[in-house]
Amino acid sequence: MTPRGWVAISLLATLAVQALPAQSLDRARSMAEAQHEIVILLLQKKEYPRAAAEAGKIFSMKWPDDQEPMLLQELLFFADQFLHQGQPALGVQLLENNSKNFKAVRSRISICKEKGYLYKEMNESDKALECFREAQRLERDGS
Amino acid sequence: MKCELCCENLTAYLDQELGTRESEGMREHLDGCTVCRDEMRELREAMLLVDSNTVRIELRPPLWRNVKAQINDAPVARQGWLGALGARWLSLAATGAAALALGFGLWGYQQRQEAVRQQEARNAIELQLYMNNYIHSRQVEEAAHRVVAVPAVARHATPAATRVVHRDYRDNPFSSLALHSSSPFGSALTEEPKSEATR
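Chains U and X are the protein sequences, given in the same order. Using the working numbering, you'd call the opening residue of the first sequence number 1 and step up by one each time. Using the working numbering, you'd call the opening residue of the second sequence number 1 and step up by one each time.
Below, the structure written as structure tokens:
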């Protein structure tokens, strides 16, 4: 094979490798989209524990790091939904179970604060304070 | 009495230092023993000889005054300031120093404890403010969501019309339409802003 042929092949291979993560991200997004709708339906049907379990599947999927802000918004959105459905304990559980999937300090701070807010809504002031203390500590250490 | 014991006691006998009974025993033995008697005689002669040659010196008054004066003038051994204080003062001073050290220690400890208490109080206030700020902002945003979600006509109608209407289920951040928007939640679908607290 001519050198030009090798160059063409290697160029194609590079493009294929670069395309692969994009494809897998698209697939992940598609699955997450469906999963989101499932969670919403379960919430509407007031099947809260199942909704929490299904929501957890979105965060346990493999996501690139740059998707973390979007996932954080999704997590906080679901926690908010549980709160408004009168299920703040499930919201807290969802936040606790899935916080390990978040690596950025800012994400962890947001999760801690929201957890504290949910605890406050549940009139569990001590636990709320503990969450805010943790968020404050993370902010201090992260800054 | 045996001769050995008699010889041992001869000096005491001559000096009249023996008891009545012992003196009596000595006398009886000396009456019957010529050897011991000769020994006693020789010892007595020796003693007389010593006494006869002893010179008694009378200390004259001027000499005695001189000696006395020298004794009085002899320099007294100087004591250090610690010695001058005396053991009593020294122990008092040591006790005082220990009490002072203890007092300072306690004072310092109290100061530290006070500083720690103040710091803890400051931290508690800061934490409370931090928490209140977040909760307040969340509540404000919750209220904003409700108002945005209620139609404009209903907003001015009755309070009942403005009942809880939260951000609803249309916000699927993973939908293909949302992906084309700049916001991860897709501004095309979500015209109402996501709360600051959940951003």
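No residue lacks a Cβ here, since even glycine has one placed at the ideal position from N, Cα and C.
Measuring CB to CB, does residue i end up less than 7 Å from residue j?
{"i": "U:Glu114", "j": "U:Leu76", "result": "yes"}
{"i": "U:Glu33", "j": "X:Asn123", "result": "no"}
{"i": "U:Ala53", "j": "U:Val39", "result": "no"}
{"i": "U:Tyr117", "j": "X:Ile135", "result": "yes"}
{"i": "X:Ala12", "j": "X:Leu5", "result": "no"}
{"i": "U:Ala104", "j": "U:Glu68", "result": "yes"}
{"i": "X:Tyr130", "j": "U:Phe132", "result": "yes"}
{"i": "U:Tyr48", "j": "U:Leu95", "result": "no"}
{"i": "X:Leu30", "j": "X:Arg41", "result": "no"}
{"i": "U:Leu43", "j": "U:Arg50", "result": "no"}
{"i": "U:Leu83", "j": "U:Ile109", "result": "no"}
The alpha helix (DSSP H) spanning residue i covers which residue range?
{"i": "X:Cys3", "result": "3-14"}
{"i": "U:Ile111", "result": "105-121"}
{"i": "U:Leu72", "result": "68-84"}
{"i": "X:Leu18", "result": "Note, X:Leu18: premise wrong, no alpha helix (DSSP H); not H, not E."}
{"i": "U:Cys131", "result": "125-142"}
{"i": "U:Ser54", "result": "In the sequence as displayed, the identity of residue 54 of chain U is Glu instead of Ser. Element bounds for U:Glu54: 48-59."}
{"i": "U:Asn97", "result": "88-98"}
Thinking residue i and residue j are a contact (beta carbons under 8 Å), I'd like their distance in whole angstroms, please.
{"i": "U:Ser99", "j": "U:Ile111", "result": "5 Å"}
{"i": "X:Cys3", "j": "X:Cys33", "result": "6 Å"}
{"i": "U:Ser60", "j": "U:Asn123", "result": "Not a contact, Cβ separation roughly 31 Å."}
{"i": "U:Glu74", "j": "U:Ile58", "result": "6 Å"}
{"i": "U:Leu72", "j": "U:Ser107", "result": "5 Å"}
{"i": "X:Met47", "j": "X:Gly25", "result": "Rounded, the Cβ-Cβ distance is 21 Å, inconsistent with contact."}
{"i": "X:Arg223", "j": "X:Leu14", "result": "Here chain X has residues from 1 to 199 only, and residue 223 of chain X is not among them."}
{"i": "X:Asn9", "j": "X:Glu22", "result": "7 Å"}
{"i": "X:Leu127", "j": "U:Gln136", "result": "6 Å"}
Check whether the Cβ of residue i lies closer than 6 Å to any heavy atom of the ligand ATP, and answer yes or no.
{"i": "U:Ser99", "result": "The ligand content of the structure shown is nil, which means the ligand ATP is not present either."}
Item to check | Ordered list of alpha helix (DSSP H) runs contained in the segment 52-98 of chain X, each at least 4 residues | outcome: Within the segment 52-98 of chain X, the complete alpha helix (DSSP H) runs of at least 4 residues are 61-73.
Next on the checklist: Quick check for students: name the residue ranges of the alpha helix (DSSP H) that lie wholly in the segment 24-54 of chain X, counting only runs of 4 or more.
Outcome noted: Secondary structure remark: continuous alpha helix (DSSP H) runs of at least 4 residues inside the segment 24-54 of chain X, in chain order: 34-52.
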